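In the numbering used here, the protein residues as written are 51 to 301.
Put into structure tokens, the structure is as follows:
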């Protein structure tokens, strides 16, 4: 990871819905692969999970101990909402889904949720290095509230590489759900361990062996984000929104 980042594609791995009731059998396999490959992912941790869809497994009493161990290993912990409960059908800035825990709410209401989530992190000795919105849905009120609380990195958006918005927040784009080689740029692949099958794990293993040497950390990605969003970035975003719109119509 220490070599130059100036040529060729670079990759990050992100894992969403990390919580006490996650699929631990699957996660243990993934974690072992990450450690063996010396890859430092982004872990999107739900501070106070109340989503019934994410309660399919027995809660781990050692969850926060494990979270502190991940952090000590240098893995990036992201604040993944507050309770992962959708309160409306707002698509937010990215317009990828029609459900949200944050988008459409007043600034003060969002700030209160974020404060509660961060208070849990603080109680457990966890430092949030980035923001990951449930369902990719958040708005400028969310971004402003996060900034007021000291979170200036957003793991989301569609672009060719990291960039900064006019308010100074760094967006590290998250473009695909599964690893794949790309010709250039910085790409985040996002996985949901609770729905991964044995076949998914085997493909993950192969792709990690292929792309692992070009994986970077969140910190390295943010270091590349000292630039405004470009026209090319915006075209990537429009294409992704179009694809999502077609999928919603078909579905």
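Don't be surprised by glycine CBs; every beta carbon is placed ideally from N, CA and C.
Since the model is a prediction, treat every value here as computed from it, not as a measurement.
Ignoring anything shorter than 3 residues or poking outside the stretch 148 to 228, list the beta strand (DSSP E) runs there in chain order. 203 to 205, 220 to 222
Looking at C-alpha atoms only, which residue of 178, 209, 185, 188 is the closest neighbour of residue 203? 178
State the DSSP-derived secondary structure class of residue 258, mapped to helix, strand or coil. helix
Taking the runs of the beta strand (DSSP E) that are 3 residues or longer, which of them lie wholly in the stretch 60 to 140? 60 to 68, 92 to 95, 126 to 129
Do residue 176 and residue 118 have their C-beta atoms within less than 8 Å of each other? yes
For residue 238, which residues does DSSP report across the bridge? 62
Closest residue to residue 269 among 288, 59, 81, 91 (Cα-Cα distance): 91
Measuring straight from C-alpha to C-alpha, what distance separates residue 256 and residue 286? 27 Å
Quick check on residue 103: buried or exposed, where buried means 16 or more other Cβ atoms within 10 Å of its Cβ? exposed
Our contact map puts residue 136 next to residue 98 with C-beta atoms below 8 Å; I'd like the distance itself, whole angstroms only. Not really, about 15 Å apart at Cβ, beyond 8 Å.
So, at 7 Å on beta carbons, what are the nonlocal neighbours of residue 276 in its own chain, with the 5 sequence-adjacent residues on each side left out? 214
For residue 145 and residue 244, what's the separation of their Cα atoms in angstroms? 24 Å
Excluding the five sequence neighbours on either side, which residues of its own chain have a C-beta within less than 8 Å of the C-beta of residue 231, listed in chain order? 59, 260, 261
Buried or exposed for residue 81, please, with buried defined as at least 16 other CB atoms from any protein chain shown within 10 angstroms of its CB. buried
Whose C-beta lies closer than 6 Å to the C-beta of residue 160 among residues of the same chain, with five residues either side of it excluded? 152, 191, 192, 195
Nearest neighbour of residue 101, chosen from 279, 62, 94, 71 [CA to CA]: 71
Tell me the rounded alpha-carbon separation between residue 166 and residue 158. 12 Å
Within a Cβ cutoff of 7 Å, which residues of the same chain sit near residue 125, ignoring the five residues on either side of it in sequence? 90, 91, 93
Out of 234, 248, 266, 207, state which residue places its alpha-carbon closest to the alpha-carbon of residue 279. 207
Going along the chain, which residues of its own chain have a beta-carbon closer than 6 Å to the beta-carbon of residue 163, five neighbours each way excluded? 132
Closest by CA to residue 63, which one among 198, 222, 252? 222
In the DSSP assignment, the alpha helix (DSSP H) including residue 269 goes from what residue to what residue? 268 to 273
Spatial distance of residue 85 from residue 201 (CA atoms): 27 Å
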